[in-house]
Every structure is written in C-alpha cells, then in structure tokens.
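Chemist:
In our numbering, the protein residues as written are 51 to 226.
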C-alpha cells in the first residue's frame with residue numbers, strides 16, 4: 051500500500067512510519083510531499099498521514115498522528131498506547147521549546163530522549179526513507195521498553211533489577 055506524508059520526517063511521523071510497518075502494513079511504501087508548497091494532491095490510491103485536512107492528520111487536540119493511526123487501525127495493545135503517551139509528551143515539549151505551546155504538566159522521562167533521537171536523526175541523515183529505516187529499530191526498542199514496563203506490573207519481583215540480569219525472564223512476558 052502507498053502511504054504519503056510530508057517530507058522532513060520528525061518525531062511523530064517517524065514513529066508513525068514504524069507503527070504502520072509494524073502493525074498495519076508490513077509492505078508499506080512511503081512517499082513524501084513537500085512540507086512547504088504542497089498542492090494538496092495525493093498519488094492515486096495513497097493513504098495520507100501527518101498532512102493537514104486528512105483523516106490521519108498531524109498532531110492536534112485529537113492526538114498525535116501516531117495515536118490517530120493506532121485508533122484507525124483499531125490497535126488496542128497497551129504498549130502502543132503507552133508509546134503514544136510518551137510521543138505526545140515529546141511533541142508537547144518540542145512545541146513548547148519552539149514557542150508554539152505550553153509545557154506539559156509532567157512529561158514522561160523518555161520524552162526528552164525521544165526528542166534528542168528524532169532531532170539527531172534529522173541531522174544525521176539527508177533522506178526521509180533513510181530516516182524511516184534507521185529510526186525503526188529505535189521505535190522497536192521503545193515498544194519493547196513499554197511492553198517490559200507493563201510486564202513488570204505482572205512480575206513485580208523483577209522490578210528494580212538491571213535489564214541485562216532479567217532479560218531471559220522478560221522476553222517471554224513481552225513475546226520476544
């Protein structure tokens with residue numbers, strides 16, 4: 051399936067591409083339209099995301115593009131919802147820093163790291179497809195982190211231990 055979003059993929063749309071490939075369309079083909087000067091036209095048969103005036107639009111009061119895609123695809127995995135929460139905190143922090151929104155009340159600690167990774171990736175690669183490819187393992191790791199946090203609620207005896215010491219017990223709990 052063809053998926054279209056704005057170029058200069060960053061934070062929300064980078065996470066959204068991972069979500070699409072991981073849970074919605076493993077064979078997704080991503081195309082990018084100019085952030086500035088986009089005509090509003092989409093390639094035939096393409097599903098748009100992270101663009102203005104489309105069903106799976108950019109982050110707004112209804113949530114991040116990531117959360118909108120999760121809702122649209124009827125994904126109920128709690129770890130995906132946790133990722134959306136972290137991502138939305140990161141978006142709020144980013145917008146606050148560029149003077150486009152208030153500070154979030156109590157952002158998730160991982161939000162700062164997510165901003166750093168997204169910004170670093172934007173500086174490190176020149177091509178959006180390369181950004182999507184290289185960002186995917188990072189979002190996969192965040193997903194595993196969210197799964198593990200949920201699993202620790204079931205196995206509180208493992209809480210507070212170094213991940214490298216409990217990974218053999220955790221992997222079956224998170225399906226890895």
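Ideal placement from N, C-alpha and C gives every residue a C-beta, glycine not left out.
What three-state label does DSSP hand residue 95 in the structure shown?
Modeler: coil
Chemist: Could you give the DSSP three-state label for residue 57: helix, strand or coil?
Modeler: coil
Chemist: What three-state label does DSSP hand residue 182 in the structure shown?
Modeler: Three-state DSSP puts residue 182 in a helix.
Chemist: In whole angstroms, give me the CA-to-CA distance for residue 87 and residue 187.
Modeler: 31 angstroms
Chemist: Rank 116, 141 and 60 by C-alpha distance to the C-alpha of residue 152 and give the top, closest one.
Modeler: 141
Chemist: Inspect the beta-carbon positions of residue 101 and residue 52 and report whether they are closer than 8 angstroms.
Modeler: no
Chemist: Is residue 144 closer than 8 angstroms to residue 165 when the C-beta atoms are compared?
Modeler: Yes, the Cβ-Cβ distance between residue 165 and residue 144 is below 8 angstroms.
Chemist: Cα separation between residue 117 and residue 219?
Modeler: 30 angstroms
Chemist: Note down the Cα distance separating residue 64 from residue 195, rounded to an integer number of angstroms.
Modeler: 18 angstroms
Chemist: Quick one: is residue 189 buried, meaning 16 or more other Cβ sit within 10 Å of its Cβ, or exposed?
Modeler: buried
Chemist: Exposed or buried, which one is residue 207 when buried takes at least 16 other CB atoms within 10 Å?
Modeler: exposed
Chemist: So which of 222, 203, 209 and 215 has the shortest CA-CA distance to residue 128?
Modeler: 203
Chemist: Can you give me the start and stop residues for the beta strand (DSSP E) that residue 79 sits inside?
Modeler: 79 to 83
Chemist: Taking DSSP's pairing of strands, which residues face residue 52 in a bridge?
Modeler: 79
Chemist: Let me check understanding here. Comparing Cα to Cα, which of 146, 175, 85 and 107 lies closest to residue 66?
Modeler: Closest option to residue 66, Cα to Cα, is 107.
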